[in-house]
Amino acid sequence: MIFTIVILILLASAIFRGFHRGFVIEMLHLIGTVVVLLFARLLYQPLGTMISNLLTNLHLIEASVAATLIINLVAFFVLISLGWSVIRLLGRVSRSITWLPVIKQVNSVAGGIVSFVVTYLVIFVALSLANIVNTSFIQTQMTQSPLATYIVKQTPGLTSHYLSNLINFNDGTTTDS
0 MIFTIVILIL
10 LASAIFRGFH
20 RGFVIEMLHL
30 IGTVVVLLFA
40 RLLYQPLGTM
50 ISNLLTNLHL
60 IEASVAATLI
70 INLVAFFVLI
80 SLGWSVIRLL
90 GRVSRSITWL
100 PVIKQVNSVA
110 GGIVSFVVTY
120 LVIFVALSLA
130 NIVNTSFIQT
140 QMTQSPLATY
150 IVKQTPGLTS
160 HYLSNLINFN
170 DGTTTDS
């Protein structure tokens, strides 16, 4: 029962948040999160090495594994912060376009839908991972929550069905009409 309540609260708040933000901002945040994480992942070590070399050459720190790890961690968070600053700036610029009367309503409804779908998929992944951890609490909550059971059991079938229809695999035969 706890899982059902938490899932319903998460989905309701996702719809509300998506409706408030709108489609453009939701997509910007979704794509921006992936891009910023990749950007930070690719560049944190070169930036950390550069900072570490600079601090070592200035005799501010001594080269050690711990110092390198801390500097790499700081470099990663600096890159994430810079990336999110750019994403937020793009979001502010896009608001001037999305607040036009007709565009605003469509943008809001589409944003609610996108946010719901993304949150649903995150819940599906979280519940699937929780099922791997075989504890009595999680198993009890899963059996007591028809919504959680539905999400775990039905989502793989739904996604494979929709993906196969979307891609529309052809078996190589053609039919002439």
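First residue of the sequence shown: 0, per numbering that gives the first Met the number 0; consecutive thereafter.
Glycine is no exception: its CB is placed at the ideal position from the N, C-alpha and C atoms.
Just the C-alpha distance for Gln-44 and Arg-20, rounded to the nearest angstrom, thanks.
-> 34 Å
Nonlocal neighbours in the same chain, by C-beta distance under 6 Å from Ala-39, ignoring five residues either side = Phe-75, Leu-78 and Ile-79
Apply the 10 Å Cβ neighbour rule to Thr-142 and answer buried if 16 or more other Cβ atoms are within range, or exposed otherwise.
-> exposed
Cβ neighbours of Gly-171 in the same chain (closer than 8 Å, five flanking residues each side left out) | The predicted position of Gly-171 is uncertain, since its pLDDT is 48 and thus under 50; a value taken from the coordinates is nonetheless stated next. The answer is none, since no qualifying residue turns up.
Determine the DSSP secondary structure at His-58, reduced to helix, strand or coil.
-> coil
What number of angstroms, rounded off, separates the C-alpha of Thr-32 from the C-alpha of Leu-89?
-> 13 Å
Spatial neighbours of Phe-22 in its chain, beta-carbon cut-off 7 Å, leaving aside the 5 residues before and after = Asn-106, Ala-109, Gly-110 and Val-113
Helix, strand or coil for Tyr-43, going by three-state DSSP, please let me know.
-> helix
Could you give the DSSP three-state label for Trp-98: helix, strand or coil?
-> coil
My understanding is that Leu-126 touches Ala-147, with C-beta atoms under 8 Å, so please give their C-beta distance in whole angstroms.
-> 6 Å
Would you identify the three-state DSSP class for Met-0, choosing helix, strand or coil?
-> coil
Using three-state DSSP, classify Asn-133 as helix, strand or coil.
-> coil
Anyone know if the C-beta pair for Ile-69 and Ile-50 falls short of 7 Å?
-> no
Report all residues from its chain with a CB closer than 8 Å to the CB of Glu-61; omit the five preceding and five following residues, and keep chain order.
-> Thr-55
Secondary structure at Gly-90, three-state DSSP: helix, strand or coil?
-> helix
Would you decide whether His-28 is buried or exposed? Buried here means 16 or more other CB atoms lie within 10 Å of its CB.
-> buried
Answer with buried or exposed for Thr-139, where buried requires no fewer than 16 other C-beta atoms within 10 angstroms of its C-beta.
-> exposed
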